[in-house]
Amino acid sequence: MSQGQWYPPEWPDRIRALAAGELTAVTPRRAATVMLLRDRGPGAPTPGPVVHMLRRRTSMAFAGGAYAYPGGGVDPRDDDRLIGWAGPPLEQWADRLGVATVTEAQAVVCAAVRETFEEAGVLLAGPTATTVVGDTTGDDWEADREALVARDLSFAEFLDRRGLVLRSDLLGAWARWITPEFEPRRYDTWFFVAALPEGQRTRDVSTEADRTVWIAPAEAARRYDAGELLMMPPTVTTLRALAPYRTAAEALEAADVQDMTPVLAQARLEGDELVLTWPGHDEFTKHVPAAGGGGGAA
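Take 274 as the starting number for the sequence shown in this note's numbering and just add one per residue.
What follows is the structure in structure tokens.
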């Protein structure tokens, strides 16, 4: 295994099939994930914030065993009706996210906030445009969280019932990656950054993860380089991008200047090799023998 990149063994055969016209690309599902940061105390041995990460269960069909951020797919109901909203207007969000409509912009941001609550117990919402909820660990909050996970409750219904507005100003759009065309499960994923709200704490509640950690971005990237942590290319790339910032607030402020051009892996034949590349991210380039199998983490 070279480094800790998640590299499914079936990729070479699927790449060949796509190149031969024997495979039809699946339409990617919209998704969102959040790099949740918190500052360390003044006595910390090294400066800079830490990021909340989950290790996906090895039984998961997509990226099993890989470290990732809280996130998941858009609930179609997130497009249904406008919700209580604070922060930049939806038109501004649509432009930043590169989507055509305000309802789609709302759906993507809703997915980011909802999934962070579902998978980490952290809620970026408040009763007013300048406040955020405090402790969300009570039994009533947990009942609502479980109802959201089960899709028995829509996020709009949840916010309305509790008299809350979504605090979109607590999020910053950071990157956008689209699962390669040869993957059977594809996602068009927006990456956001946010700071852990005061009074809230993360909880290990995701049924899709078997471990959670708070870790410095540079340390997580170093452990990926050493082959100790398994990750997908967008996770590693965003960790490296977060490493220079000294505080969570500084990282959030920097989100406005991040490039939101979608990154989509490309595969091509070069002589007797298949070459897999992520434009602009040369460290993930893979060379796979064009004949025979091949696979595993490479």
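We put the CB at the ideal spot given by N, CA and C, even for glycine.
Residue j beta carbon less than 8 Å from that of residue i
i, j, result
"R328", "W487", "no"
"D461", "A298", "no"
"P453", "L537", "yes"
"L397", "L444", "yes"
"P343", "T389", "yes"
"D408", "Q473", "yes"
"R513", "A429", "no"
"L363", "A378", "yes"
"P507", "W463", "no"
"T550", "H325", "no"
"L432", "G357", "yes"
"V381", "V372", "yes"
"L394", "T404", "It is worth fixing the name first, because residue 394 is Gly in this sequence and not Leu. No; because the gap between Cβ atoms is not below 8 Å, this pair is not in contact."
"D574", "S427", "No information on residue 574 is available, as it lies outside the stretch 274 to 571 that the chain covers here."
Counted within 10 angstroms of its Cβ, other Cβ atoms place residue i as buried (16 or more) or exposed
i, result
"E295", "exposed"
"V307", "buried"
"P315", "exposed"
"G553", "exposed"
"M274", "Because the pLDDT of M274 is 39, which lies under 50, any placement of that residue in the model is unreliable, and the question is left without a value."
"G566", "Per-residue confidence for G566 stands at a pLDDT of 42, beneath the threshold of 50, marking its modelled position as unreliable; no derived number is given."
"R468", "Sequence check: residue 468 is Ala here, not Arg. Looking at its Cβ environment, which holds 16 or more other Cβ atoms inside 10 Å, A468 is buried."
"D572", "Given that the chain is displayed from residue 274 to residue 571, the structure contains no residue 572 and the question cannot be resolved."
"T485", "buried"
"R418", "buried"
CA-to-CA distance, residue j to residue i, given in whole angstroms
i, j, result
"P457", "E283", "10 Å"
"D425", "T374", "26 Å"
"G346", "A384", "7 Å"
"T534", "L370", "9 Å"
"M505", "A494", "11 Å"
"R302", "S441", "22 Å"
"D414", "D477", "A quick correction: the sequence has Trp, not Asp, at residue 414. When rounded, the distance between both Cα atoms is 15 Å."
"Q539", "W447", "22 Å"
"K559", "R459", "20 Å"
"A293", "R541", "11 Å"
"A290", "T510", "28 Å"
"F455", "T300", "11 Å"
"A499", "P320", "22 Å"
"E392", "T376", "24 Å"
"A317", "P562", "47 Å"
"I288", "D545", "14 Å"
"P490", "V422", "28 Å"
"E523", "F465", "14 Å"
"G399", "A341", "26 Å"
Residues bridged to residue i [DSSP beta-bridge criterion]
i, result
"L310", "V324 and A468"
"I572", "Past the edges of the chain, shown from 274 to 571, lies residue 572, and the structure says nothing about it."
"E546", "E543 and P562"
"R303", "D461"
"A341", "L327"
"G346", "A304"
Practice item. Scan the stretch 356 to 385 and note each continuous beta strand (DSSP E) run of 3 residues or more that stays entirely inside, going in chain order. Key: For the stretch 356 to 385, not a single whole beta strand (DSSP E) run of length 3 or above is found.
Check your understanding: If you scan the stretch 477 to 515 from start to end, which runs of the alpha helix (DSSP H) of 4 or more residues do you find wholly inside it?
Key -> Correct list: 490 to 498 and 506 to 515.
Practice item. Enumerate, from N- to C-terminal direction, the unbroken alpha helix (DSSP H) stretches of 4 or more residues contained entirely within the stretch 396 to 448. Key: 412 to 422 and 428 to 435, all fully within the stretch 396 to 448.
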